[in-house]
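The sequence shown begins at 52 in the working numbering and counts up one residue at a time. From the three backbone atoms N, C-alpha and C, an ideal C-beta is built for every residue, glycine too. Keep in mind that this is a model prediction, so the values were computed, not measured. Reading through the structure tokens given below for one structure.
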Amino acid sequence: EANSMFVFEVAGVCIAHLGHLHHVLTQDHIEALGRIDVVLAPVDGSYTLDIDGMRETLKAINAPLVIPMHYFSAWGLDRFLSRLGEEYAVVRQTSPTVMLARETLPTKPTVLVLPGR
Numbered sequence: 052e053a054n055s056m057f058v059f060e061v062a063g064v065c066i067a068h069l070g071h072l073h074h075v076l077t078q079d080h081i082e083a084l085g086r087i088d089v090v091l092a093p094v095d096g097s098y099t100l101d102i103d104g105m106r107e108t109l110k111a112i113n114a115p116l117v118i119p120m121h122y123f124s125a126w127g128l129d130r131f132l133s134r135l136g137e138e139y140a141v142v143r144q145t146s147p148t149v150m151l152a153r154e155t156l157p158t159k160p161t162v163l164v165l166p167g168r
């Protein structure tokens, strides 16, 4: 169950790439991450952490913005989004790029879906 996660800060925005996560993060893991503004989260729910586990992990991280990755079909993405409930706003963007600044991050936790290739 080893996994590498990467946290980097760019222009004051802390971004966490959760890697190929297979387990729910513990409180020690969450504390080690520190403040996270944007999470790049693998959401396929089969090769990585199941959807309920990912939802629990994202809730614990409590980042304003989640960008889903590692889904292999629209069905896989929609399955993840449907399980989030009303805790997250969902924004589907038509452009594959996004400009972020800490002061313009959403106040309600938001999933930002970028178009795939």
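How would you write the range of the beta strand (DSSP E) that residue i sits in, first residue to last?
i                : result
isoleucine 112   : Per DSSP, isoleucine 112 belongs to no beta strand (DSSP E); it is in the alpha helix (DSSP H), 102 to 112.
phenylalanine 59 : 57 to 61
methionine 120   : 116 to 120
histidine 68     : 64 to 68
valine 172       : With the chain covering 52 to 168 only, the question about residue 172 has no answer from this structure.
proline 93       : 89 to 93
threonine 161    : 161 to 164
With 16 other CB atoms within 10 Å as the buried threshold, where does residue i fall?
i                : result
valine 117       : buried
phenylalanine 59 : exposed
methionine 150   : exposed
alanine 53       : exposed
Pull up the CB-CB distance for residue i and residue j, whole angstroms please, since I reckon it's below 8 Å.
i             : j            : result
valine 94     : tyrosine 122 : 5 Å
histidine 74  : leucine 100  : 7 Å
isoleucine 66 : valine 89    : 5 Å
proline 119   : proline 147  : That belief does not hold up - the Cβ atoms of proline 119 and proline 147 are roughly 13 Å apart, past 8 Å.
Identify the continuous alpha helix (DSSP H) that holds residue i and give its terminal residues.
i            : result
histidine 80 : 78 to 84
alanine 125  : 125 to 133
Segment contact flag, the region 79 to 87 with the region 130 to 138, C-beta cutoff 8 Å, min 3 pairs: no
Taking 8 Å as the cut-off, does the region 59 to 72 touch the region 150 to 168 (at least 3 CB pairs, one atom from each stretch)? yes
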